[in-house]
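Heads up: the structure comes next, in structure tokens.
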Amino acid sequence: MKVLIIDDERLARDELRDLLHIAPDVEIVGEAAHAETARALIATTQPDLLLLDIQMPGPDGFTLLATLPLPVPAVIFVTAHDSHALHAFRVNALDYLLKPIEPDQLKAALARVRDHLACRHAQATVVPPGKLSAEDTVFVRDGERCWFVAIKNIRFAECVGNYCRLHMDAHRPLLLTTLDALAARLDPRRFVRASRSQLINLAWVARTAATPGGGIIATLLDGTAITFSRRAAREFRQQHRLHPHVKNPRPL
Amino acid sequence: MLLFSKAGVWLSLHPASIVSPLWPASGLAVAALLRFGPRLATGIWLGTLASDLLAGDPLPFLLLGPLGNTLEALTAWWLLTHVWPIDSRLGRARDVLRFFVGGVALPPLLSASLGVSGLCAGGVLPMTQFAYAASLYVVANASGILMVAPFLLSLRVASVPEPEAKSPIARYSAAAFVPYSALIFAILLGFGNPRILEIGGWPLAYLPFPCVVWIAFAQGVRGAALASLLVSLSGTLFTLFGHGPFAAAGTLQSLSLLVTYNALTAATALLLAAVRAELAASEARTRDALSREAEWQSLRAQVQPHFLFNALNSLRRLIHADPQAARVATSRLAAFLRSSLRANAEATVPLRNEFAAIENYLQLEHLRLEGRLRPQLQLSPDAADTRLPPLVLQTLVENAIKHGIARRIDGGELLVTASLIDRVCLIRVTHPAAPDSAPAAEPSDGLGLRNARLRLRLACGEHATIRLLSAPPGAITAEIIIPLPDSQHP
Numbered sequence: 327m328k329v330l331i332i333d334d335e336r337l338a339r340d341e342l343r344d345l346l347h348i349a350p351d352v353e354i355v356g357e358a359a360h361a362e363t364a365r366a367l368i369a370t371t372q373p374d375l376l377l378l379d380i381q382m383p384g385p386d387g388f389t390l391l392a393t394l395p396l397p398v399p400a401v402i403f404v405t406a407h408d409s410h411a412l413h414a415f416r417v418n419a420l421d422y423l424l425k426p427i428e429p430d431q432l433k434a435a436l437a438r439v440r441d442h443l444a445c446r447h448a449q450a451t452v453v454p455p456g457k458l459s460a461e462d463t464v465f466v467r468d469g470e471r472c473w474f475v476a477i478k479n480i481r482f483a484e485c486v487g488n489y490c491r492l493h494m495d496a497h498r499p500l501l502l503t504t505l506d507a508l509a510a511r512l513d514p515r516r517f518v519r520a521s522r523s524q525l526i527n528l529a530w531v532a533r534t535a536a537t538p539g540g541g542i543i544a545t546l547l548d549g550t551a552i553t554f555s556r557r558a559a560r561e562f563r564q565q566h567r568l569h570p571h572v573k574n575p576r577p578l
Numbered sequence: 006m007l008l009f010s011k012a013g014v015w016l017s018l019h020p021a022s023i024v025s026p027l028w029p030a031s032g033l034a035v036a037a038l039l040r041f042g043p044r045l046a047t048g049i050w051l052g053t054l055a056s057d058l059l060a061g062d063p064l065p066f067l068l069l070g071p072l073g074n075t076l077e078a079l080t081a082w083w084l085l086t087h088v089w090p091i092d093s094r095l096g097r098a099r100d101v102l103r104f105f106v107g108g109v110a111l112p113p114l115l116s117a118s119l120g121v122s123g124l125c126a127g128g129v130l131p132m133t134q135f136a137y138a139a140s141l142y143v144v145a146n147a148s149g150i151l152m153v154a155p156f157l158l159s160l161r162v163a164s165v166p167e168p169e170a171k172s173p174i175a176r177y178s179a180a181a182f183v184p185y186s187a188l189i190f191a192i193l194l195g196f197g198n199p200r201i202l203e204i205g206g207w208p209l210a211y212l213p214f215p216c217v218v219w220i221a222f223a224q225g226v227r228g229a230a231l232a233s234l235l236v237s238l239s240g241t242l243f244t245l246f247g248h249g250p251f252a253a254a255g256t257l258q259s260l261s262l263l264v265t266y267n268a269l270t271a272a273t274a275l276l277l278a279a280v281r282a283e284l285a286a287s288e289a290r291t292r293d294a295l296s297r298e299a300e301w302q303s304l305r306a307q308v309q310p311h312f313l314f315n316a317l318n319s320l321r322r323l324i325h326a327d328p329q330a331a332r333v334a335t336s337r338l339a340a341f342l343r344s345s346l347r348a349n350a351e352a353t354v355p356l357r358n359e360f361a362a363i364e365n366y367l368q369l370e371h372l373r374l375e376g377r378l379r380p381q382l383q384l385s386p387d388a389a390d391t392r393l394p395p396l397v398l399q400t401l402v403e404n405a406i407k408h409g410i411a412r413r414i415d416g417g418e419l420l421v422t423a424s425l426i427d428r429v430c431l432i433r434v435t436h437p438a439a440p441d442s443a444p445a446a447e448p449s450d451g452l453g454l455r456n457a458r459l460r461l462r463l464a465c466g467e468h469a470t471i472r473l474l475s476a477p478p479g480a481i482t483a484e485i486i487i488p489l490p491d492s493q494h495p
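Line by line, the protein sequences are chains A and B.
Per our numbering, the very first residue in the first sequence carries number 327; after that it's consecutive.
Per our numbering, the very first residue in the second sequence carries number 6; after that it's consecutive.
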């Protein structure tokens with residue numbers, strides 16, 4: 327497991343490096359004192375896991391995650407205090423540790439990351455190379471709140487200027503990526519464009535209906551109805567070899 | 006002890022009847038044992054024996070009487086220390102009730118049976134009078150204990166929280182003179198010479214009651230014991246010499262009236278005082294708990310959790326990497342926590358103390374920020390004695406680090422200066438602005454600054470204030486302004 331340590335305090339980094347000796351499979355591929363160094367090191371070393379301090383000079387840990395290219399590595403947050411931001415995040419965090427770190431808690435967190443990575447690797451084999459799998463996660467931020475979102479939990483995504491709004495659970499956070507860039511990283515067998523501004527996860531589609539004029543209305547499991555543009559409908563039919571006059575085709 | 010006991014015995018009164026109606030020596034003995042322990046029992050025996058010898062009592066009584074008195078005191082001591090243990094200061098209602106039962110009611114039964122047996126055996130008293138004399142004996146000793154022992158025990162009552170002299174009642178009686186003179190007047194009116202007013206048979210003896218209640222409320226256990234002693238003693242004396250409402254009837258009847266009266270007075274006064282003291286004690290406990298709570302609250306408000314846990318994390322590393330530095334840092338952390346705790350004890354502190362605390366704090370922050378934190382402290386000597394509320398300066402320094410230096414990748418200089426210009430103390434905390442220096446201070450810090458400003462104004466006058474300036478260019482300066490009062494200047 328390749329690990330990158332990101333913390334602005336030297337003593338804290340030393341301490342963490344020392345603690346990581348408890349896990350023989352951990353390879354520390356680098357240390358960064360702030361977000362910019364971290365971004366460069368992530369690009370060159372491709373770590374599996376970030377041990378990330380949230381408060382740093384310059385962009386903080388959340389900002390770093392929100393602006394990383396996809397997919398985001400697994401993350402364990404390391405912070406001195408259970409702050410409000412972290413509290414809001416906790417529901418969905420893979421893990422976080424409080425300084426001073428207890429070795430047992432670090433060990434447990436690493437074990438969870440190992441499981442998560444194994445799951446990701448298994449899924450990665452079923453998607454085309456370079457595409458995000460259902461188990462891969464993206465990091466999203468909405469004001470005070472932050473989430474790791476597994477790709478499989480995104481119902482559909484909407485274009486909002488240069489960002490895209492993810493529809494998931496009860497929340498609608500913004501992902502700091504264009505819809506085109508997101509679509510390019512997703513498996514086209516699972517995600518289809520309903521229009522230039524909408525991208526649907528087929529796993530969430532309950533039924534589809536043809537409309538007069540060759541369009542399609544897809545109804546999602548939560549009841550949302552999404553109308554395909556004529557061009558998108560045509561492409562969708564071609565791709566899934568559907569006859570235009572078939573009623574209620576059920577994809578997949 | 007011998008002398009004391011003798012004095013007690015001389016105080017005891019010998020009317021025509023064989024058995025005295027009041028035996029203060031019993032009270033003295035019980036109080037002495039409760040106060041000093043059973044080692045004084047021999048003294049009590051010797052004292053009583055001596056007084057009986059002087060009174061020329063018959064031999065069987067000399068054997069049984071002093072023994073009975075000693076056993077009585079020992080029984081009271083045993084009951085009140087082992088069976089129903091009490092705090093001898095009688096500061097709680099429970100103590101008073103136990104004292105009535107274990108100290109006043111039960112032990113005299115023992116001494117009476119022994120003493121009266123002695124009198125009968127000595128031929129002074131016919132056996133037919135045994136029951137009558139024994140009941141007199143019991144009543145005399147019980148009255149003696151009830152009247153004298155609480156007063157003697159109350160002489161060391163100081164450590165029981167007394168009702169504070171703040172209640173309206175207590176304020177009027179600040180000089181104990183008022184309630185006591187009222188009490189004495191009431192006693193004189195009740196027992197003294199009501200024949201002039203031709204109201205002899207009226208129950209005027211209850212006139213002192215309100216005064217006793219007043220004293221018990223205003224002055225606590227000691228006052229209650231003294232007042233009830235005064236009332237009982239003078240009531241007994243007046244009755245013995247044929248004055249007052251209890252004197253009219255025959256000996257036994259007047260005695261039982263008197264005893265009931267004395268017991269009621271003492272019970273009311275002591276119980277009231279005990280309840281009052283209990284109330285005061287529980288108030289004091291609540292106040293204490295509240296102040297400790299406030300202390301803890303203020304510590305939590307003053308010590309930023311981020312700072313504390315970061316410091317602990319640095320320490321954990323240092324213990325391994327540099328044990329000597331770890332020891333120094335531990336002491337600094339302890340000093341910092343202590344000064345934060347102490348901070349709410351004082352309204353203002355000299356600036357030099359605040360500079361010392363800041364230095365401590367900066368050294369701890371330096372552990373984690375290292376070269377990024379470059380502090381400079383300049384305290385001009387004429388400003389060193391200026392007083393300001395504790396932790397105001399520290400709030401500014403914390404903000405400077407949190408919003409300025411810690412947010413800059415290369416850190417920066419932190420300049421803290423204090424000087425006196427035209428009788429105005431100027432304290433400045435200057436730090437480079439954070440790179441994304443939108444004035445987006447978190448609300449909690451805005452609160453910290455507002456709090457600091459408020460505390461400064463309360464302590465140093467309405468012209469004392471804190472200003473935030475975007476100066477010099479690229480930096481932020483927080484400025485504390487404290488105009489000195491002219492009276493300080495000769």
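C-beta: ideal position from N, C-alpha, C; glycine also.
Every value quoted in this text rests on a predicted model; they were computed, and no experiment measured them.
My output table needs one value for K433/A: the three-state DSSP class, helix, strand or coil. helix
Quick one: what does DSSP say R522/A is sitting in, helix, strand or coil? coil
Span of the beta strand (DSSP E) around A438/B: Looking at the DSSP string, A438/B is not in any beta strand (DSSP E), and its letter there is neither H nor E.
Contact set between the stretch 350–369 of chain A and chain B, restricted to residues whose Cβ is under 7 Å from the partner: H360
Note down, in chain order, each residue of its chain lying with its Cβ closer than 7 Å to the Cβ of R392/B, except the 5 sequence neighbours on either side. T353, V354, P355
Chain A partners of I414/B, CB-CB under 7 Å? H360, P383, G384
Taking beta-carbon pairs under 9 Å, can you tell me which members of the stretch 416–427 of chain B lie near chain A? G416
In chain order, what residues of the same chain have a beta carbon less than 6 Å from the beta carbon of Q368/B, not counting five sequence neighbours either side? R337
Would I486/B count as contacting chain A if we go by Cβ distances under 8 Å? no
Proximity test, Cβ basis, 8 Å: N365/B and chain A: no
8 Å contact criterion, which L346/B and A334/B should meet: CB distance rounded: Actually they are not in contact, since the Cβ atoms of L346/B and A334/B sit about 19 Å apart, beyond 8 Å.
Neighbour-count burial assignment, Q565/A, 16 or more Cβ in a 10 Å radius: exposed
heavy atom of the ligand NAD below 7 Å from L345/A C-beta: For the ligand NAD, the structure offers nothing, since it holds no ligand at all.
Please confirm whether L317/B has its beta-carbon closer than 8 Å to some beta-carbon of chain A. yes
With DSSP run on the structure shown, which of helix, strand or coil describes P380/B? strand
Using a beta-carbon distance below 8 Å, is L372/B in contact with chain A? yes
Can you look up E362/A in the DSSP assignment and give me helix, strand or coil? helix
Within 10 angstroms of the Cβ of Q224/B, are there 16 or more other Cβ atoms? Answer buried if so, exposed if not. buried
For I363/B and A446/B, the rounded distance between their alpha carbons: Legend: pLDDT at A446/B = 44, less than 50; position of this residue unreliable, value from coordinates given subsequently. Cα to Cα, A446/B sits roughly 22 Å from I363/B.
Short CB-CB distance (under 8 Å) between P429/A and chain B: no
Going along chain B, which residues have a C-beta under 8 Å from D513/A? Near D513/A there are no residues of chain B at all, since even the closest Cβ is about 38 Å away, more than 8 Å.
Can the beta-carbon of L337/A be found closer than 8 Å to that of R373/B? yes
Check this for me: beta carbons of L454/B and T435/B, under 8 Å apart or not? no
Since V453/A and L501/A are thought to touch, with beta carbons under 8 Å apart, how far apart are those beta carbons, to the nearest angstrom? With a Cβ gap of about 19 Å, V453/A and L501/A do not count as contacting.
Using a Cβ-Cβ cutoff of 9 Å, what residues of the stretch 375–393 of chain B are near chain A? List them in chain order. E375, R377
So is R321/B in contact with chain A if we call contact Cβ pairs under 8 Å? yes
L64/B to A98/B, Cα distance in whole Å? 43 Å
Are G583/A and E362/A closer than 8 Å when you measure CB to CB? Here chain A has residues from 327 to 578 only, and residue 583/A is not among them.
By the three-class DSSP mapping on this structure, what secondary structure does F156/B have? helix
Run through chain A and tell me which residues come within less than 7 Å of H311/B, C-beta to C-beta. A406, H407
Check whether L115/B and L124/B have beta carbons under 8 Å apart: no
So the candidates are G96/B, I471/B, R292/B; which of them puts its Cα closest to the Cα of R4/B? Within the shown structure, residues of chain B are numbered from 6 to 495, placing residue 4/B beyond reach of any answer.
With DSSP run on the structure shown, which of helix, strand or coil describes P397/A? coil
Thinking C-alpha only, which one of T53/B, L384/B, L68/B is nearest A361/B? L384/B
Does the distance from the C-beta atom of V35/B to that of A81/B stay below 8 Å? yes
What is the rounded straight-line gap between the Cα of A358/A and the Cα of I331/A? 6 Å
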